[in-house]
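K.L.:
Please read through the structure below; I'll follow up with questions.
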Amino acid sequence: MKTALILFAAAIPAFAQQNFDFKSLDKLGANATGSTNITLEGDTLKLATSFLGDDNSSFRNLTGVYVRSFEFAKAGQYKEADLAPLRAYLKTLQWTKVVDVKETDETSEIYLHALPNNKLGGLAIVSAEPKEVTVVFIAGTLNISDVGKLSGLGIPDIKLEHGGAKSNDSKKD
Amino acid sequence: MNLDDELKAALRREPAPADFAAKVLAKTTLAKTTLAKTRGSQARVLPFWRPPVTLAIAAALTLAALVPPAVYRYREQRRALEARDQLIAALSITKVQLQHVRERIQNTRHKI
């Protein structure tokens, strides 16, 4: 019995650390008129961060960057339920919901994976509007100040050109 | 003249000219010298490691050794630049989303 309890206790963090399968979000875009899919991880991400320049060296510890953004012609063309697996994953012990703004038909949530010494193990943003849904998931060690600095890091404003050709999966799901 | 006499006359032994041996020796020496000269000049133009086939093979091997690494480097660089652009796009979207959330929070505060 004691052994079983120890095994169960050991299994909880192991389960919590399992990576989220971003394929499950593809259902969201079934009726989308435009989409932006970005998946950067492993060597490709290391390659990308090495080309960012010294000013943005704080991003060199990232282990995964995932963006799914879908735009719809009409309201109600995606199911909130398709976001449920991600929200369930973000409810695990590691993640804390730090922002939850709900308006009539819009929700914005920010989740952080807090680590000791003012460090973050990840950042997730879920933004759902009637005609647009965006999920940003950044995994890897970040300083809390880096998140605040994001707007001042020389990252250009890039207008999202929705459309099939802009589906930027570096790793084909 | 009968047939016997004609044959004897035709087959009679005649002494060689006095300079016959010298002429033959001279011609033999000339032939040897010419042959040696021809061989020598061929050796100078095309040594054993310079026939066209050998050169072609060497060129092909050199190309085979140099081109694939260059192509690999070019592809890797292109992949890195594409990845960097994607990362910048992802961070840009993150920035926009964070600003969007901040604006919503501010709007909510104003309403309160």
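If you read the protein sequences in the order shown, they are chains A and B. In terms of our numbering, the numbers along the first sequence are unbroken and rise by one, the last being 498. In terms of our numbering, the numbers along the second sequence are unbroken and rise by one, the last being 961. In this text, a Cβ means the ideal position worked out from N, Cα and C, and glycines have one as well. Note that the structure is predicted; figures quoted are calculated from it, not measured.
#1: What does the alpha-carbon distance come out to for the pair A:Leu445 and A:Gly367?
#2: According to DSSP, simplified to helix, strand and coil, what is A:Glu457?
#3: Check distances from the C-beta atoms of the stretch 428-462 of chain A to those of chain B and list, in chain order, the residues that come in under 8 Å.
#4: Going by the beta-carbon positions, is the gap between B:Pro932 and A:Leu370 smaller than 9 Å?
#5: Residues of chain B with a CB under 8 Å from the CB of A:Leu415: which are they?
#6: Would DSSP call A:Tyr507 helix, strand or coil?
#7: Enumerate in chain order the residues of its own chain whose CB-to-CB distance from A:Asp471 is below 6 Å, with the five nearest sequence positions on each side excluded.
#8: Assuming B:Val950 and A:Val424 are in contact, meaning their beta carbons sit under 8 Å apart, how far apart are those beta carbons, in whole angstroms?
#9: Whole angstroms are fine: how far does the CA of A:Val426 sit from the CA of A:Asp439?
#10: Going by DSSP in three states, B:Glu863 sits in which element: helix, strand or coil?
#11: Is the Cβ-Cβ distance between A:Ala413 and A:Glu431 less than 9 Å?
#12: Consider the Cβ of A:Thr499: report whether some Cβ of chain B lies at a distance smaller than 9 Å.
#13: So, for A:Leu448: in the same chain, excluding its five sequence neighbours on each side, which residues have a beta-carbon less than 7 Å away from its beta-carbon?
#14: Check whether the Cβ atoms of A:Glu457 and A:Phe397 sit closer than 9 Å, and answer yes or no.
#15: Going straight from the alpha carbon of B:Pro918 to that of A:Gln419, what length do you get?
#16: Would you kindly work out how many angstroms separate the C-alpha atoms of B:Ala929 and B:Tyr921, rounded to a whole number?
#17: Using a C-beta to C-beta distance shorter than 8 Å, which residues of chain A count as neighbours of B:Val950?
#18: Check whether the Cβ atoms of A:Arg393 and A:Asn362 lie closer than 9 Å to each other.
#19: Does the beta carbon of A:Ile469 come closer than 9 Å to any beta carbon on chain B?
#20: Roughly how many whole angstroms lie between the Cα atoms of B:Glu952 and B:Arg958?
P.N.:
According to the data block:
#1: 19 Å
#2: strand
#3: Glu428, Glu431, Ser433, Ile435, Leu448, Ile450, Ser452, Thr459 and Val461
#4: Strictly speaking, residue 932 of chain B in this sequence is Ala, with Pro absent from that position. Yes.
#5: Going along chain B, no residue has its Cβ under 8 Å from A:Leu415, so there is no contact; the nearest lies around 15 Å.
#6: Residue 507 of chain A lies beyond the stretch modelled for chain A, which goes from 326 to 498, so this question has no answer here.
#7: Ser383
#8: 6 Å
#9: According to the sequence as given, residue 439 of chain A is Ala; it is not Asp. A:Ala439 and A:Val426: Cα-Cα distance of roughly 20 Å.
#10: coil
#11: no
#12: Examination of residue 499 of chain A is not possible in this model, given that chain A is present from 326 through 498 alone.
#13: Leu437, Ile463, Leu467 and Val472
#14: yes
#15: 44 Å
#16: 12 Å
#17: Val424, Val426, Ser433, Ile435, Ile450 and Ser452
#18: yes
#19: no
#20: 10 Å
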